[in-house]
Each structure stands twice: as C-alpha cells, then as structure tokens.
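**Q**
2 protein chains.
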Amino acid sequence: MTYCIAIKLDAGLVFLSDSRTNAGLDQINSFRKMMIYEKTGDRFMALLSAGNLSISQSVRELLQTMTVRDDATGEVLTIWNAKSMFDAARVLGAAVRHVYDRDGVALKRAGVDFNVSMLFGGQIQGEGMRLFQVYSAGNFIEATAETPYFQIGEAKYGKPVLDRVLTADLPLEEATKCALVSMDSTLKSNLSVGLPLDLAVYEVDRFSCNKLVCIDEHNPYFQMLRSNWGERLRAAFDSIEDPQWFGGNSTVPLVMDKPSPIKKITTPEEKLV
Amino acid sequence: MTYCIAIKLDAGLVFLSDSRTNAGLDQINSFRKMMIYEKTGDRFMALLSAGNLSISQSVRELLQTMTVRDDATGEVLTIWNAKSMFDAARVLGAAVRHVYDRDGVALKRAGVDFNVSMLFGGQIQGEGMRLFQVYSAGNFIEATAETPYFQIGEAKYGKPVLDRVLTADLPLEEATKCALVSMDSTLKSNLSVGLPLDLAVYEVDRFSCNKLVCIDEHNPYFQMLRSNWGERLRAAFDSIEDPQWFGGNSTVPLVMDKPSPIKKITTPEEKLV
Numbered sequence: 000m001t002y003c004i005a006i007k008l009d010a011g012l013v014f015l016s017d018s019r020t021n022a023g024l025d026q027i028n029s030f031r032k033m034m035i036y037e038k039t040g041d042r043f044m045a046l047l048s049a050g051n052l053s054i055s056q057s058v059r060e061l062l063q064t065m066t067v068r069d070d071a072t073g074e075v076l077t078i079w080n081a082k083s084m085f086d087a088a089r090v091l092g093a094a095v096r097h098v099y100d101r102d103g104v105a106l107k108r109a110g111v112d113f114n115v116s117m118l119f120g121g122q123i124q125g126e127g128m129r130l131f132q133v134y135s136a137g138n139f140i141e142a143t144a145e146t147p148y149f150q151i152g153e154a155k156y157g158k159p160v161l162d163r164v165l166t167a168d169l170p171l172e173e174a175t176k177c178a179l180v181s182m183d184s185t186l187k188s189n190l191s192v193g194l195p196l197d198l199a200v201y202e203v204d205r206f207s208c209n210k211l212v213c214i215d216e217h218n219p220y221f222q223m224l225r226s227n228w229g230e231r232l233r234a235a236f237d238s239i240e241d242p243q244w245f246g247g248n249s250t251v252p253l254v255m256d257k258p259s260p261i262k263k264i265t266t267p268e269e270k271l272v
Numbered sequence: 000m001t002y003c004i005a006i007k008l009d010a011g012l013v014f015l016s017d018s019r020t021n022a023g024l025d026q027i028n029s030f031r032k033m034m035i036y037e038k039t040g041d042r043f044m045a046l047l048s049a050g051n052l053s054i055s056q057s058v059r060e061l062l063q064t065m066t067v068r069d070d071a072t073g074e075v076l077t078i079w080n081a082k083s084m085f086d087a088a089r090v091l092g093a094a095v096r097h098v099y100d101r102d103g104v105a106l107k108r109a110g111v112d113f114n115v116s117m118l119f120g121g122q123i124q125g126e127g128m129r130l131f132q133v134y135s136a137g138n139f140i141e142a143t144a145e146t147p148y149f150q151i152g153e154a155k156y157g158k159p160v161l162d163r164v165l166t167a168d169l170p171l172e173e174a175t176k177c178a179l180v181s182m183d184s185t186l187k188s189n190l191s192v193g194l195p196l197d198l199a200v201y202e203v204d205r206f207s208c209n210k211l212v213c214i215d216e217h218n219p220y221f222q223m224l225r226s227n228w229g230e231r232l233r234a235a236f237d238s239i240e241d242p243q244w245f246g247g248n249s250t251v252p253l254v255m256d257k258p259s260p261i262k263k264i265t266t267p268e269e270k271l272v
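For the record, the sequence lines run as chains A and B. Just so we're aligned: the first sequence equals residues 0 to 272 in numbering that gives the first Met the number 0. Just so we're aligned: the second sequence equals residues 0 to 272 in numbering that gives the first Met the number 0.
1. Does A/F236 pass the burial test, meaning 16 or more other C-beta atoms within 10 Å, or should it be called exposed?
2. Output the residue ranges of the alpha helix (DSSP H) runs that lie fully inside the region 181-220 of chain A and measure 4 residues or longer, sorted by chain position.
3. With distances taken between CB atoms, is the gap from B/C213 to B/L186 smaller than 9 Å?
4. Less than 9 Å between CB atoms is the rule here; does B/I239 satisfy it with respect to chain A?
5. Is B/M223 closer than 9 Å to A/E240 when the C-beta atoms are compared?
6. For B/P258 and B/N28, what's the separation of their Cα atoms in angstroms?
7. Out of A/D100, A/S207, A/R163, A/E172, point me to the one whose CA is closest to B/S188's CA.
8. Which stretch, first to last residue, makes up the beta strand (DSSP E) that contains B/K257?
9. Could you please tell me which residues of the region 212-225 of chain B, in chain order, have their CB closer than 9 Å to any CB of chain A?
10. In angstroms with no decimal places, state the Cα-to-Cα distance between A/Q243 and A/I123.
11. Should A/P260 go down as buried or exposed, given a rule of 16 or more other Cβ atoms within 10 Å for buried?
12. Which full runs of the beta strand (DSSP E) of 3+ residues lie inside the region 80-147 of chain B, going along the chain?
13. What are the boundary residues of the beta strand (DSSP E) that includes A/E60?
14. How do the region 66-74 of chain A and the region 85-99 of chain A stand: do at least 3 beta-carbon pairs fall below 8 Å, yes or no?
15. Any idea what DSSP makes of A/V272, helix, strand or coil?
16. With a 10 Å radius around its C-beta and 16 neighbouring C-beta atoms as the bar for buried, classify A/I140 as buried or exposed.
17. Quick one: what does DSSP say A/R233 is sitting in, helix, strand or coil?
18. For the candidate residues B/T265, B/P147, B/M84, whose alpha-carbon lies nearest to that of B/L46?
19. Measure the beta-carbon distance from A/V115 to A/S55 and round it to whole angstroms, keeping in mind my assumption that it falls under 8 Å.
20. So, are the CB atoms of B/A94 and B/G137 less than 9 Å apart?
21. Determine which residues of the region 160-177 of chain A have a Cβ less than 8 Å from any Cβ of chain B, and write them out in chain order.
22. Which residues in the same chain as B/V98 place their Cβ atom closer than 6 Å to its Cβ, once the five residues preceding and following it in sequence are excluded?
23. For A/N51, does the count of other Cβ atoms within 10 angstroms reach 16, so buried, or fall short, so exposed?
24. Taking A/S207 as the reference, which of A/R42, A/F221, A/F149, A/E216 has the closest Cα?
25. In chain order, what residues of the same chain lie with their CB nearer than 7 Å to the CB of A/G125, ignoring the 5 residues before and after it?
26. Anything in the region 19-45 of chain A with a Cβ closer than 7 Å to a Cβ of chain B? List those residues in chain order, please.
27. Report yes or no: is there a C-beta of chain A within less than 9 Å of the C-beta of B/Y201?
28. For B/C208, decide whether its Cβ has a neighbour in chain A, counting only Cβ atoms nearer than 9 Å.
29. Sorted by chain position, which residues of the same chain lie with C-beta nearer than 6 Å to A/Q150's C-beta, five sequence neighbours on each side aside?
30. Compare the C-beta of A/R129 with all C-beta atoms of chain B and state if any pair is closer than 9 Å.
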C-alpha cells in the first residue's frame, strides 16, 4: 500500500509520500511515488500516486507526451503547454484512460481491479495554485478552502490529526509538521506504509520548488517529531481525568441518571426484544 | 458502518460500541450492537457485532439456543453451559455458520457479501477472562497479552491512540478513557459512526457487570473528554518545533546533506528513469 497527502494552503502546497509498495506481504519494495514537473518561472506540478504500481508507472510514462485536443480552440494540450492546472489535470485523466484502454480488459481477465488514484497539484503562470485528486476513471475533483487537503492510499489512520489542525491559512511549516504527524500515525499502525518519505514544499508564485527532501530514519527533524509526538500525545492523554463511575469526587461523572437500554440476557429462554 | 472496541486487561474487560447503522447514505438508523449474557456468579459474556445487520441480528437470535456437540465427550454445549469461553466462542461460530447455511446462497444471488464480524469476550467460572474475534466463516482468534485489544468496523481512525497507549497492565479506568478517545477520533472523521455509545466495563472474577452505561451527547464525562482531547492534542501539536529547512537556529534541521533522489522533470523529452 501507500500513503500520500497533498495540502493546498494560501501560502503554498505541501506534498508528502511514503515509498513502500507490496504485492502480498512477501514482496515488499521501495518505489518513489512522487514526480515533480517543472519549467522554472512558468510551471510547477507535483504528482503523487497510489494503487496498482504497473498502472501508475504507465500513467507517469505516458503523461510526459500525452496530448488532449481542446474542443473549443482545437489546440493540442500537454502538461507542458496547458494554460491552467485544470487542463493539465485533463491531460493526466486522459493518460489514465489511455492505460485503461490498453490494459483494462487483460487486468480484468486476470481478476485485477483497474485501481489507481493520484494527487496532482501545482501552479501555472497566469493563475493561482490548484490541487486535484484523479480517480481510476480519469475524472477528478479539486481541493477548495473548506477542504484544503487530499489523501490517497492508507488514509484513515492519519486523518483525525488533519481534520483537527489543517486550515488554508496555516503557515507552510506548520502544515508540513501536520503532514509528518499524520504520516507518523500511519507508519505506526500500518506495516504496508514505510520509510523513506518524499517531501516537497512549494511557495506560492515561485514556479519552482526549492524544498525537496528525502526523509529516512536518520533525519534529525523526523526523529525528533516522532519521539516528541508520542510522548506529548501520551502526556495529553494522561492529563485528561479518568472516568469515574458513580460520581466520586469528579465533577464529570461517566454515569448519567438514565439507565442503559442494554438488557442483560440471563437465560436461554429470554427473548431479545 | 460501525465501530466497536474490546480490550482485555489484567484487571478486567472493556467493551465499547457505537450505534449507527446505514444502508446507503440515506437510510441511517440507530441499533444497539452490544449484547450482555450473564448468569451472576457463573458467567459474564459480552458480544459486539459489525457487518450486515440482518446477519448479526440472526446470529444473536440463534445464539440463545444454539448447541454444539463436543466430539470428545459427546456433551451438548451452549453458551449457557460451556465450561470455557473457547467453547462458548465455538457455539457462536456455529451460529454464524448456521446463518450462512440458511442465507448465504440467497445473499450471494443478490450480490450481497456474507459479511459479519464479532467481538466476544467474558469469563466463565473456573477459568480466566478471554476475548475472541469471530469472522464471517465462524472461525476465531483470541487476544493475548501482546495484543490486548480487537476492533471491528471502522477501525483505522482510532487505531493509532490504542497502539500508543494500551498495555494489559493498564487500570480499567485508563483503558476506558483510551477506548473513548479512540471512538472520539472515529466519530470526528467518519459520518457512518454515531452516538449514542454503549460501554460495558467488567472487573475480573466478578461474574457480573455492574458498569454498563449508554453515552449520548449529554454525558458530562464524554463532553469533557471530547473538548479537552481536541484542545490538548492541538497544544501537543503546537509544542513541537516547526520544521526548519536550512538549519536555521534549529538543532534538528529537516534537510539532510543527502540530496533527494527525486529528479525534477523539466522537458517532455526527458526520460523518467
């Protein structure tokens, strides 16, 4: 499996991916799931992928030269000349569909789902930053101020902290920290997600990314974050009063006056309802 | 969906379940997912269920009178006379198989998976407490000191805090708090899990449960826990240093000397590998 997060803030974009792939439990490998496409001063785009590796690698290969004809203008669009990230996402969707046309039937015959999902974000000169999630059918949705992040792969373990912390007005550093905490929770609870991580942080209107780093178990910041987060989460947990059943000295008893609707069944003859 | 947790500690057992069921998004209802079976002084058993509601309700109905013949002794076992929780779990497994024999083919024809999973734990006079997870095939696994908890349903959101906090030697109150925090994270991130909650806490060698409570949005302890946990998690997050890219004043820079292996693609002609 995989875990990738992409966040769109007012200040920029954060992309974080793990690098573990597995075909069953006995075939575990390390593959990069992040691609950066860049023409300095003109466009920056990052692509994160999850799902079947043969599909996502094919999509990435094709994306380089994929074209889509614009119905209105007749123009031939690529990710390199598209005037908007929306058009670039259309080109990516077309690449996904192309792989489906080529491999879909044979995969189905082999009992393999056509399973791929991608996060694609960036900025093209002339418009603001945009972030898309692209599905197996080549269709896509866009992040908005209300929902400033997308996740693909093993998304559930690391979702609670994102839901509690992320807003579009966070500074880039804080959102990066939040993505790393979310990844840490996922690494801790799911073996199919593994180090090293790839992190790219893009500052708005820069049209180039100068913050691109590979984080392995020796990275001092990530080491510090993992150990401190574990300790402080535990301290936060310990600081909350334990439940007291029958009031006790607590001002917040667990028991309410209302009796539980759960009926204890005490004989084999008893009716459940 | 559903979220249920059961924890086996040295001091006792904790069972927590939500009460939301849904068939699609527009048919949401409230059903109890916890059953308590009890002969005071002789046995206490709790059953939590997730999956297809028609299956789990049938299993619960059947379990009351289900029998299994013991191959060695010829004895007829029920949950009411079984001398061990292992045998009681066999009776539960047999009830699951009975429902499969009755409904499995018709469900398959309708395109519905035979999907049910259950947590079943308790104590029978003459042995220690035991906790089992029972699968759709009626087979089961048992919790041990190394893995003192099981989850069913929407398990992933609430798993990180369990992995960080739970050990078999925790006091009952602390494990109860941990289960409630895990449930809170799940409630916050997944709409298909909902209040009220049912909570049962069993003290070892009591053979009866006197701590059985229904927790709704008015429960003062759960209200306090939800608001404090949110605040303190945020404070823990804020207390961790933000990442600094190029060292800065930080003793823990995010950047290592090692360059990232991610190659920026800058032209359509560029080879990916």
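In this text, a Cβ means the ideal position worked out from N, Cα and C, and glycines have one as well.
**A** In short, the structure shows the following:
1. buried
2. none
3. no
4. yes
5. yes
6. 54 Å
7. A/R163
8. Unbroken run through B/K257: none, as it is neither H nor E.
9. V212, C213, I214, D215, H217, N218, P219, Y220, F221, Q222, M223, L224
10. 57 Å
11. exposed
12. 115-123, 128-133, 139-141
13. Run containing A/E60: none in the beta strand (DSSP E); it sits in the alpha helix (DSSP H), 52-62.
14. yes
15. coil
16. exposed
17. helix
18. B/M84
19. 5 Å
20. yes
21. V160, D162, R163, V164, P170, E172, E173, T175, K176, C177
22. I54, S57, V58
23. buried
24. A/R42
25. K82
26. R31, M33, M34, I35, Y36, E37, K38
27. no
28. yes
29. I4
30. no
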